[in-house]
Amino acid sequence: KVLSLFFIDFVPNFEKLRTIFEEELRIYHDNPQEKYGAYFSDNKTTKGIENDEEKLDLIMKDKEKLLSLNEPVEYIFTHSALGVGWDCPNIFQIAFLRDIGRDISRRQFIGRGLRLAVNQDGERIRDSLDTTKDEIINLLTVIGGEKWNEFVKNYQNDARKDGYEVQTPDNARSEERRVGK
Numbered sequence: 001k002v003l004s005l006f007f008i009d010f011v012p013n014f015e016k017l018r019t020i021f022e023e024e025l026r027i028y029h030d031n032p033q034e035k036y037g038a039y040f041s042d043n044k045t046t047k048g049i050e051n052d053e054e055k056l057d058l059i060m061k062d063k064e065k066l067l068s069l070n071e072p073v074e075y076i077f078t079h080s081a082l083g084v085g086w087d088c089p090n091i092f093q094i095a096f097l098r099d100i101g102r103d104i105s106r107r108q109f110i111g112r113g114l115r116l117a118v119n120q121d122g123e124r125i126r127d128s129l130d131t132t133k134d135e136i137i138n139l140l141t142v143i144g145g146e147k148w149n150e151f152v153k154n155y156q157n158d159a160r161k162d163g164y165e166v167q168t169p170d171n172a173r174s175e176e177r178r179v180g181k
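Listed below in structure tokens is the structure:
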């Protein structure tokens, strides 16, 4: 099962984001509210946004149920890195709707998606080095601002220096988009 993780800028902006997200998701699903969950750890900054306790438990404590094909939640919204030790192996897309300033913080945040995928039996799935681009399973897509381009290059170079094989699919790309007047 594929999961997507969204890091938002300010918790109070979640209401507006949720409205837009639900409108777009309604095109594909009759009940978009069942397709996502949110986790906001600091009650001081939530300003009236309550965590759905059932979905919170699903996200934070019941990984097997979250990863089940019978569970409709596919999208997770948060402001932070979801707490120390949170591990969910099937995060394949991470969208940063906020700036993550330091490289160490970026590494921690993308680390949420740098886990080997698991199948429905809970077994880790590994891509071999000869896996073709169309067969790659463990591929993380990171959507971020322009500061991420340099970070990704440095991260991959560091991984190579540490002896890791870095596979970049032929169709991988980095795009800079500027929003302005």
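Okay, so the sequence shown: first residue is 1 according to this note's numbering, each after it adds one. Glycine included, each C-beta is placed from N, C-alpha and C at the ideal position.
CA-to-CA distance, residue j to residue i, given in whole angstroms
{"i": "residue 8", "j": "residue 98", "result": "5 Å"}
{"i": "residue 75", "j": "residue 125", "result": "21 Å"}
{"i": "residue 35", "j": "residue 131", "result": "31 Å"}
{"i": "residue 6", "j": "residue 163", "result": "30 Å"}
{"i": "residue 4", "j": "residue 37", "result": "11 Å"}
{"i": "residue 127", "j": "residue 31", "result": "34 Å"}
{"i": "residue 2", "j": "residue 140", "result": "11 Å"}
{"i": "residue 62", "j": "residue 96", "result": "24 Å"}
{"i": "residue 142", "j": "residue 94", "result": "5 Å"}
Residues near residue i by beta carbon distance below 7 Å, same chain, minus five either side
{"i": "residue 159", "result": "166"}
Cross-strand partners of residue i (DSSP beta bridge)
{"i": "residue 124", "result": "118"}
Limits of the alpha helix (DSSP H) - the one that residue i falls within
{"i": "residue 108", "result": "103 to 110"}
Limits of the unbroken beta strand (DSSP E) element including residue i
{"i": "residue 142", "result": "141 to 143"}
{"i": "residue 93", "result": "91 to 97"}
Contact test: residue i Cβ vs the ligand SAM heavy atom, cutoff 7 Å
{"i": "residue 165", "result": "Absent from the structure shown: the ligand SAM. Ligands present: none."}
Spatial neighbours of residue i in its chain, beta-carbon cut-off 8 Å, leaving aside the 5 residues before and after
{"i": "residue 119", "result": "125"}
Stretch pair the segment 23 to 42 + the segment 113 to 121: three plus CB contacts closer than 8 Å: The answer is no - the segment 113 to 121 does not touch the segment 23 to 42, with fewer than three Cβ pairs under 8 Å.
Cβ contact (3+ pairs, closer than 8 Å) linking the segment 138 to 158 and the segment 101 to 110: yes
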